[in-house]
Amino acid sequence: MSEAGAAAVTLARAAPEARRRHALGRLAGRNRLAIVGALALLLAVSAALLAPWLPLADPDAVDTPNRLRPPLTAGHTLGTDEFGRDLLARLVWGARVSLTAGALSAAAAMLIGVALGVLGGFYT
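Note that this note's numbering gives residue 852 to position 6 of the sequence shown, counting from 1, and the numbers run on in steps of one.
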């Protein structure tokens with residue numbers, strides 16, 4: 847095969863992958879709201895997963911002198927509740943619990959579905 851033919855084969859193989867990447871880039875470029883949503887979701891999940899290492903206040907610590915502080919108060923980005931607990935810390939740790947519950951539910955559903963699928967396929 848000539849060099850031109852080999853180059854054409856190489857380009858033909860690379861073309862679908864390049865088109866796929868280009869199509870995803872065009873789709874992401876057209877839908878900016880989807881990008882913003884994906885980034886917000888990524889930020890929330892990252893904060894929940896990194897909660898033990900983030901410099902947050904104790905979500906259960908009661909601080910009655912600082913109760914009902916408004917958002918953007920020094921030391922309390924989202925403010926405090928009626929017991930003086932930091933709302934940002936409670937939100938991040940609560941998201942961690944919610945994500946764990948969702949992941950365990952999805953894993954249980956997958957396990958049950960795979961088991962039923964294997965049994966159904968075996969006895970068909």
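No residue lacks a Cβ here, since even glycine has one placed at the ideal position from N, Cα and C.
Is the distance from the Cβ of residue i to the Cβ of residue j below 8 Å?
{"i": "V938", "j": "A893", "result": "yes"}
{"i": "A897", "j": "R931", "result": "no"}
On a CA-only basis, which of the options is nearest residue i? Give me that one, please.
{"i": "A941", "options": "A869, L888, R878, G875", "result": "L888"}
{"i": "A920", "options": "E928, A903, F929, R936", "result": "A903"}
{"i": "E928", "options": "A935, D909, L934", "result": "D909"}
Look at the alpha carbon of residue i and the alpha carbon of residue j, and state the distance between them as a whole number of angstroms.
{"i": "L950", "j": "L895", "result": "15 Å"}
{"i": "T970", "j": "G959", "result": "16 Å"}
Kindly indicate which three-state DSSP category residue i falls into: helix, strand or coil?
{"i": "T919", "result": "strand"}
{"i": "T946", "result": "helix"}
{"i": "T970", "result": "coil"}
Decide if the region 911 to 923 is in contact with the region 945 to 963; the criterion is three or more beta carbon pairs, one per stretch, under 8 Å apart.
Using a Cβ-Cβ distance cut-off of 8 Å, the region 911 to 923 and the region 945 to 963 are not in contact, since fewer than three pairs of beta carbons, one from each stretch, lie closer than that value.
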